[in-house]
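Novice: This is the structure I want to talk about, given as structure tokens.
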Amino acid sequence: MPALLRIAKREPKFEWRGRAGESVNPLFRGFGAKEGEEAQRYDQPVIIRLGTKDAKELSDGFPKTAEDLFAEFRAIILDDIEAAFFTQEQMNLIERFVSERGGALFMLGGQECYRNGGYENTPIGRMLPVYLDQAATGPAVEGARFNLTREGWLESWMRLRSDREEDEKRLSAMPAFQSINPAFSIKPGASILATVSDAQNSYPAVAVQRFGEGRVGSLMIADLWRWGLYDEDSHKDMDRLWRQMMRWLVVDVADAITFAAETDAADQERVKLAVRVRDRAFKANSDAIVKIEVTQPDGTKSQLFAEPSLKEAGLFETEFFAAEPGNYRASATVEDAEKRTALGTKAVGWTHDPLATEFAKLEPNRELMQRLADETGGKMIALKSIAELPEMLKNIRVPVEVTLATPLWHTPWIFIAILLLLLGEWVLRRKGGMA
Numbered sequence: 001m002p003a004l005l006r007i008a009k010r011e012p013k014f015e016w017r018g019r020a021g022e023s024v025n026p027l028f029r030g031f032g033a034k035e036g037e038e039a040q041r042y043d044q045p046v047i048i049r050l051g052t053k054d055a056k057e058l059s060d061g062f063p064k065t066a067e068d069l070f071a072e073f074r075a076i077i078l079d080d081i082e083a084a085f086f087t088q089e090q091m092n093l094i095e096r097f098v099s100e101r102g103g104a105l106f107m108l109g110g111q112e113c114y115r116n117g118g119y120e121n122t123p124i125g126r127m128l129p130v131y132l133d134q135a136a137t138g139p140a141v142e143g144a145r146f147n148l149t150r151e152g153w154l155e156s157w158m159r160l161r162s163d164r165e166e167d168e169k170r171l172s173a174m175p176a177f178q179s180i181n182p183a184f185s186i187k188p189g190a191s192i193l194a195t196v197s198d199a200q201n202s203y204p205a206v207a208v209q210r211f212g213e214g215r216v217g218s219l220m221i222a223d224l225w226r227w228g229l230y231d232e233d234s235h236k237d238m239d240r241l242w243r244q245m246m247r248w249l250v251v252d253v254a255d256a257i258t259f260a261a262e263t264d265a266a267d268q269e270r271v272k273l274a275v276r277v278r279d280r281a282f283k284a285n286s287d288a289i290v291k292i293e294v295t296q297p298d299g300t301k302s303q304l305f306a307e308p309s310l311k312e313a314g315l316f317e318t319e320f321f322a323a324e325p326g327n328y329r330a331s332a333t334v335e336d337a338e339k340r341t342a343l344g345t346k347a348v349g350w351t352h353d354p355l356a357t358e359f360a361k362l363e364p365n366r367e368l369m370q371r372l373a374d375e376t377g378g379k380m381i382a383l384k385s386i387a388e389l390p391e392m393l394k395n396i397r398v399p400v401e402v403t404l405a406t407p408l409w410h411t412p413w414i415f416i417a418i419l420l421l422l423l424g425e426w427v428l429r430r431k432g433g434m435a
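Quick note: the sequence shown uses the numbering used here, first residue 1, plus one each step.
Written out as structure tokens, the structure reads:
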């Protein structure tokens with residue numbers, strides 16, 4: 001997981017033939033037209049990169065374009081970083097990353113987050129599940145205990161034990177926390193999964209919400225490290241919670257290429273294959289070639305081409321008819337139409353089992369039987385009235401239809417008609433002197 005770690009807000013300034021009040025590095029004076037924030041400065045933040053895949057990734061700091069942010073990352077975690085660290089364009093980009101790209105944002109409880117970090121009335125602050133417009137009043141939080149809410153117990157990633165009683169024992173053994181970012185209310189649609197409570201008040205500890213196509217979470221505890229330092233078992237529990245939390249952040253984040261197989265409810269053999277293609281900025285890309293290979297239960301493979309949809313940009317569709325029951329696997333390969341370079345591959349599978357579909361619902365379909373009885377002049381009776389069936393059959397009028405098939409040549413009037421036609425022709429020819 002790549003990370004940017006700021007080890008100092010500003011690089012210590014070393015004066016070397018500098019000018020009074022100048023923060024730009026004199027060594028770069030006169031090279032290019034960059035000034036202000038874009039110029040090489042002594043007092044820029046000191047940042048190191050961790051976990052990058054190559055020397056280029058995050059070399060320019062936090063991404064500044066949609067292509068660099070949307071295509072490479074699935075979640076953003078902010079901790080102990082103030083809003084002034086980002087430019088307005090970068091904060092707007094983060095908002096688009098969540099709402100349009102479907103990424104995840106999680107803010108931890110560092111001392112320069114939330115209201116203390118100046119996130120009020122910013123694009124990032126608007127996405128958070130808690131309100132930042134209320135200042136904390138009263139004494140500081142002391143000895144706050146961590147507990148799950150009703151919604152928190154329903155989230156598997158917030159639990160660390162398979163049994164609730166064991167989880168309650170674990171929660172009661174957690175140390176008290178002393179540093180909290182107090183929030184007094186959550187936004188509509190948000191959920192509080194955990195709280196911290198002291199002798200006076202109860203505050204949200206973990207809150208989440210959907211935002212556009214993505215999700216946003218907040219951890220309000222600043223000294224969660226106390227839990228990990230309590231003992232060895234607590235450290236393992238804290239590590240496990242972090243892993244589960246990170247998985248929750250990214251598990252539902254969509255890729256640039258998505259592939260889905262949808263079975264027709266009316267015709268189980270008919271399967272609709274849909275591939276959605278987006279570019280690095282996660283905009284719909286219709287300029288692509290989509291090839292689909294379907295592997296059937298007997299191992300034979302079928303090659304298909306998905307055609308662009310006329311209703312949605314970036315959507316490619318085709319249909320496949322599953323004739324035999326069994327497991328099917330489809331693999332989609334997407335290529336750039338101009339460069340003929342591979343953009344990616346996706347696979348999807350499904351099972352065609354007609355018997356399972358037929359017996360998926362074993363309850364009597366009373367509406368269908370009643371409609372069938374009404375349309376055919378019959379009657380639907382309940383099980384408790386089954387003893388009345390013999391008497392009912394005596395009085396009911398059942399129409400009987402008999403279909404008879406007789407060869408046309410075996411009908412007498414057909415022969416009579418043929419003879420009359422032949423006789424009429426002879427009479428006409430006789431009168432005309434042709435016979």
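Beta carbons: idealized from backbone N, C-alpha and C, even for Gly.
Identify which residue in Glu401, Phe415, Gln88 has its Cα closest to the Cα of Pro407.
Specialist: Phe415
Novice: Taking the beta strand (DSSP E) that Ile416 falls in, what are its first and last residues?
Specialist: That residue, Ile416, is in no beta strand (DSSP E); its alpha helix (DSSP H) goes 412-431.
Novice: Given Pro354, which residues of its chain have a CB within under 7 Å of its CB, disregarding the five upstream and five downstream residues?
Specialist: Gln268, Pro325
Novice: Measure the C-alpha to C-alpha separation of Ala347 and Ala332 and round it to an integer number of angstroms.
Specialist: 6 Å
Novice: Using a threshold of 8 Å, state whether the C-beta atoms of Tyr131 and Ala83 are closer than that.
Specialist: No, Cβ-Cβ distance for Tyr131 and Ala83 is not below 8 Å.
Novice: Under 8 Å: do the stretch 233-249 and the stretch 299-316 share three or more Cβ pairs, one atom per stretch?
Specialist: no
Novice: Once you ignore the five residues that flank Phe86 on each side, which residues in its own chain have a CB closer than 8 Å to its CB?
Specialist: Phe62, Ile94, Ile124
Novice: Would you list the one or two residues that DSSP bridges to Tyr328?
Specialist: Note: Tyr328 is bridge-paired with Trp350 in the DSSP secondary-structure output.
Novice: Within its chain, find whatever has a CB closer than 7 Å to the CB of Arg145; leave out the 5 residues flanking it on each side and keep chain order.
Specialist: Ala176, Val196, Ser197
Novice: Whole alpha helix (DSSP H) runs in the stretch 369-403 with 4 or more residues, listed along the chain?
Specialist: Runs of the alpha helix (DSSP H) inside the stretch 369-403: 389-395.
Novice: Within a Cβ cutoff of 6 Å, which residues of the same chain sit near Ala256, ignoring the five residues on either side of it in sequence?
Specialist: When the five nearest sequence neighbours on each side are left out, the beta carbons in the same chain lying within less than 6 Å of the beta carbon of Ala256 are those of Arg278, in order along the chain.
Novice: What is the DSSP secondary structure of Leu27, counted as helix, strand or coil?
Specialist: In this prediction, Leu27 has a pLDDT of 48, which is less than 50 and means its spatial position is unreliable; nothing more can be read from the coordinates.
Novice: Rounded to the nearest angstrom, what separates Tyr114 and Asn121 at their Cα positions?
Specialist: 11 Å
Novice: Considering only DSSP beta bridges, list what Leu438 is partnered with.
Specialist: Missing from the structure shown is residue 438; the chain here goes from 1 to 435 and no further.
Novice: Count the C-beta pairs between the stretch 315-324 and the stretch 280-297 that are closer than 8 Å, then say yes if the count reaches three, no if not.
Specialist: yes
Novice: Less than 8 Å between the beta carbons of Phe97 and Ile77, yes or no?
Specialist: With contacts defined by Cβ atoms closer than 8 Å, Phe97 and Ile77 do not form a contacting pair.
Novice: Tell me which same chain residues have a C-beta within less than 8 Å of the C-beta of Pro180, skipping the five on either side of it?
Specialist: According to the sequence shown, residue 180 is Ile rather than Pro. So the qualifying residues of the chain are Gly109, Val141, Ala144, Val196, Tyr203, Ala205, Met220, Ile221, Ala222.
Novice: Kindly indicate the opening and closing residues of the alpha helix (DSSP H) around Met246.
Specialist: 232-250 is the extent of the alpha helix (DSSP H) around Met246.
Novice: If you draw a straight line from the alpha carbon of Glu89 to that of Phe316, how long is it in whole angstroms?
Specialist: 33 Å
Novice: Alpha carbon to alpha carbon, what distance is there between Phe282 and Pro188?
Specialist: 28 Å
Novice: Between which two residues does the beta strand (DSSP E) containing Gly217 stretch?
Specialist: 214-219
Novice: For Gly152, does the three-state DSSP call read helix, strand or coil?
Specialist: helix
Novice: Among Gly378, Ala288, Glu112, which one has its Cα closest to the Cα of Lys339?
Specialist: Ala288
Novice: So what's Asn147 in DSSP terms, helix, strand or just coil?
Specialist: strand
Novice: So, is Pro139 buried or exposed, given that buried needs 16 or more other C-beta atoms within 10 angstroms?
Specialist: exposed
Novice: Sorted by chain position, which residues of the same chain lie with C-beta nearer than 7 Å to Asp79's C-beta, five sequence neighbours on each side aside?
Specialist: Excluding its 5 nearest sequence neighbours in each direction, Asp79 has C-beta neighbours in its own chain below 7 Å: Leu108, Gly110, Cys113, listed in chain order.
Novice: Considering only the alpha carbon of each residue, which of Gly212, Met380, Trp409 lies closest to Ile396?
Specialist: With distances taken between Cα atoms, Ile396 lies closest to Met380.
Novice: Can you tell me which residues form a DSSP beta bridge with Asp336?
Specialist: Ala288
Novice: Within 10 angstroms of the Cβ of Leu428, are there 16 or more other Cβ atoms? Answer buried if so, exposed if not.
Specialist: Classification for Leu428: exposed.
Novice: What would DSSP say about Val130, mapped onto helix, strand or coil?
Specialist: strand
Novice: Here's a check: name, in chain order, each residue in its chain whose Cβ is nearer than 6 Å to the Cβ of Val402, leaving out the five neighbours to either side.
Specialist: none
Novice: Locate the alpha helix (DSSP H) running through Lys169, then write down its first and last residues.
Specialist: 164-173
Novice: Which of the three DSSP states, helix, strand or coil, is assigned to Ala356?
Specialist: Residue state for Ala356 is assigned as helix, using DSSP reduced to three classes.
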